[in-house]
Each structure stands twice: as structure tokens, then as C-alpha cells.
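In what follows, a single structure is set out as C-alpha cells and then discussed.
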Amino acid sequence: MRSFKRSERVADQILREAAGLVSDLVRDKAGVFVTVSKVEMTHDLRYARIYYTLLDDKPELVERVKAVLDNRTGQLQTAIAGRVRIRRAPEISFHYDVSLVKGMRVIQLIEEVTAKQDDEEDQTDDSDDA
Numbered sequence: 038m039r040s041f042k043r044s045e046r047v048a049d050q051i052l053r054e055a056a057g058l059v060s061d062l063v064r065d066k067a068g069v070f071v072t073v074s075k076v077e078m079t080h081d082l083r084y085a086r087i088y089y090t091l092l093d094d095k096p097e098l099v100e101r102v103k104a105v106l107d108n109r110t111g112q113l114q115t116a117i118a119g120r121v122r123i124r125r126a127p128e129i130s131f132h133y134d135v136s137l138v139k140g141m142r143v144i145q146l147i148e149e150v151t152a153k154q155d156d157e158e159d160q161t162d163d164s165d166d167a
């Protein structure tokens with residue numbers, strides 16, 4: 038059985054608390070649906086990097102969400118600190134998580150290659166019949 042470090046347990050707590058707070062705030066202020074994807078904590082629990090994703094990755098939406106989060110970081114940090122029971126609240130920062138966008142692009146490329154191979158096989162089968 039794997040034992041979890043304290044920083045991982047605190048990161049999980051912060052993720053649960055931040056998910057609702059961030060989603061509600063951004064939906065209210067920017068009209069965009071946001072998901073908190075992960076939280077990375079330093080080992081000393083002083084800093085937390087909160088990563089978020091958007092369903093629509095248009096640059097103007099990404100910038101709008103970043104502006105809302107940057108503007109409300111202190112408010113969110115206070116709210117999270119009130120919900121997560123640790124001696125000293127970590128300093129939080131928000132970061133756009135590009136892994137979802139990159140993953141979707143990889144899937145799209147695989148589908149394109151597969152479709153091209155299927156088309157080539159169909160053409161080969163048609164010429165064999167002739």
C-alpha cells in the first residue's frame with residue numbers, strides 16, 4: 038500500500054475546495070465554465086499551484102479567465118484557507134493547464150492518420166477487385 042505525503046493530502050484537500058470556488062467565481066465574472074484539474078504543493082506546504090482547464094480554449098477566453106483569477110487570488114486564498122485545516126495557509130497561484138488541449142490535439146491527429154490509412158486501404162481493395 039502506498040503512503041501519501043502530507044503535501045499530496047493537502048493538495049487533494051485544496052483541489053476539492055478550490056474546484057467549487059473557482060468554478061462559481063469564473064462562471065459569475067467571466068461567463069466561462071472552468072475545471073480545476075490539479076494542485077501541486079511544495080513539500081513545505083507554503084505554495085500551491087492550482088491548474089485549471091477550459092472546455093473552449095480560445096485565447097480571449099483564456100485571458101479573461103486568467104484576469105479574473107489573478108484579480109481574485111487573495112479572496113480565493115482566504116476562502117480556501119478557511120476550509121482547509123492547516124497551520125499556515127499556502128500562497129496560491131493559478132496556471133492554465135494545457136494538457137487537455139494537447140491531449141485533444143493528439144487524439145485528432147491519430148484520428149486523421151487512421152482515416153487516411155482506411156481510405157488508402159479502401160482504394161487498394163478497389164484496385165484489387167478490378
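Going left to right, the sequence shown walks through residues 38 to 167 as the working numbering numbers them.
No residue lacks a Cβ here, since even glycine has one placed at the ideal position from N, Cα and C.
- Beta-bridge pairing by DSSP links K75 to Y88.
- Taking C-beta separations shorter than 8 angstroms and ignoring five residues to either side along the sequence, the partners of V99 in its chain run L91 and Y133, following chain order.
- By DSSP's assignment, E128 forms a beta bridge with Y84.
- For the pair A67 and V102, the CB atoms are nearer than the 8 angstroms cut-off.
- The region 106–121 and the region 136–145 do not touch, with fewer than 3 CB-CB distances between them shorter than 8 angstroms.
- Between the region 45–58 and the region 70–81 there are three or more inter-stretch CB-CB distances shorter than 8 angstroms, so the stretches are counted as touching.
- V150 counts as exposed, since fewer than 16 other beta carbons sit within 10 angstroms of its beta carbon.
- Annotation: the continuous alpha helix (DSSP H) that includes G119 extends over T110 to R120.
- Judged by DSSP secondary structure, V69 falls outside any alpha helix (DSSP H); it is assigned neither H nor E.
- A check of alpha carbon separations from S130 across R83, R64 and I144 identifies R83 as the nearest.
- Comparing C-alpha distances from A104 to each of R43, L62 and V73 shows the shortest one belongs to L62.
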